[in-house]
Amino acid sequence: MNNLKHHSVLICFLTILFACSNNNSEIHKKISTKNFDDIIQDVEFAITENNFRVVNRLNIGESIQERKEKKFPKNEIILFCNLSLAEEMLILEPDYINFCPYKITINQQNNETFIATRLMPINTGSTKLNNFALKMNNILVKMVEYAASEDPFILDLDK
13 MNNLKHHSVL ICFLTILFAC SNNNSEIHKK ISTKNFDDII QDVEFAITEN NFRVVNRLNI
73 GESIQERKEK KFPKNEIILF CNLSLAEEML ILEPDYINFC PYKITINQQN NETFIATRLM
133 PINTGSTKLN NFALKMNNIL VKMVEYAASE DPFILDLDK
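Residues in the sequence shown are numbered from 13 upward in steps of one, following my numbering.
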């Protein structure tokens with residue numbers, strides 16, 4: 013009987029834990045066969061077209077290749093920010109500074125290029141914060157979709 017109580021408490025605890033989780037690690041990823049450098053240009057174009065500023069580019073693959081002196085797949089991280097959106101977000105939740113700057117990653121594996129971004133949690137318990145995250149996630153997804161696409165007209169800023 014005592015064992016059953018412990019199992020019931022554990023199950024309740026785990027259920028609550030998973031129910032309260034806000035899925036901080038959701039990644040939106042697309043695969044493209046486009047040229048790596050073209051994808052980098054398309055990511056930067058999408059970033060600037062959405063009124064963000066590129067604040068840094070990290071050439072992770074190149075750095076590892078130089079350090080190890082051996083061939084390593086291309087891996088790049090583009091960091092970007094929009095001060096107006098950052099201000100809006102920080103007013104809603106100061107801890108969300110940890111999402112800044114936003115980033116899009118581009119990496120090559122076996123003739124395919126992966127473009128990805130980390131999405132913001134949308135089930136925070138705050139309607140205003142959830143709405144902000146939905147808006148921001150929509151922008152991030154559009155950027156990744158544009159970079160992966162062969163269609164130069166896919167970037168629609170009004171949707």
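Ideal Cβ positions, reconstructed from N, Cα and C, are used throughout, including at glycine.
From the DSSP output, in three-state form, read off residue i for me.
i, result
"S44", "strand"
"K115", "strand"
"L131", "coil"
"I166", "coil"
"N143", "helix"
"E56", "helix"
"Y158", "helix"
"E38", "coil"
"E61", "helix"
Do residue i and residue j have their CB atoms nearer than 8 Å?
i, j, result
"E88", "R69", "yes"
"N94", "N143", "no"
Got a sec? Which residues, its chain only, sit under 6 Å from residue i by beta carbon, not counting five neighbours each side?
i, result
"H152", "In the sequence under discussion, the amino acid at residue 152 is Leu, which differs from the His named in the question. Cβ neighbours of L152 beyond the five flanking positions: T129."
"L97", "none"
"L131", "E38, H40, N149"
Taking just the CA atoms, how far does residue j sit from residue i?
i, j, result
"F48", "N123", "10 Å"
"I166", "D54", "11 Å"
"M155", "N119", "16 Å"
"A145", "K86", "30 Å"
"E99", "E81", "43 Å"
"K147", "L104", "14 Å"
Can you give the beta carbon distance from residue i to residue j, rounded, assuming they're within the 8 Å contact cut?
i, j, result
"I43", "F126", "6 Å"
"R159", "I51", "According to the sequence shown, residue 159 is Ala rather than Arg. About 5 Å; that satisfies the 8 Å criterion."
"I59", "F111", "With 8 Å as the limit, I59 and F111 do not qualify as a contact, their Cβ atoms being about 15 Å apart."
"E162", "K46", "7 Å"
"I90", "I116", "5 Å"
"V67", "P106", "Contact doesn't hold; Cβ gap of about 20 Å is too wide."
Counting only the same chain and skipping the five closest in sequence on each side, list residues whose C-beta sits under 7 Å from that of residue i.
i, result
"N34", "Low confidence applies here, because N34 scores a pLDDT of 43, under 50, leaving its location unreliable; read the following figure in that light. Cβ neighbours of N34 beyond the five flanking positions: P133, N135, T136."
"E157", "K42, I166"
In chain order, what residues of the same chain have a beta carbon less than 8 Å from the beta carbon of residue i, not counting five sequence neighbours either side?
i, result
"Y108", "M101, L102, M132, L141"
"Q121", "P85"
If you measure from the CB of residue i, is any heavy atom of the ligand FAD nearer than 7 Å?
i, result
"N135", "The ligand FAD is not among the ligands present in this structure, which contains no ligands whatsoever."
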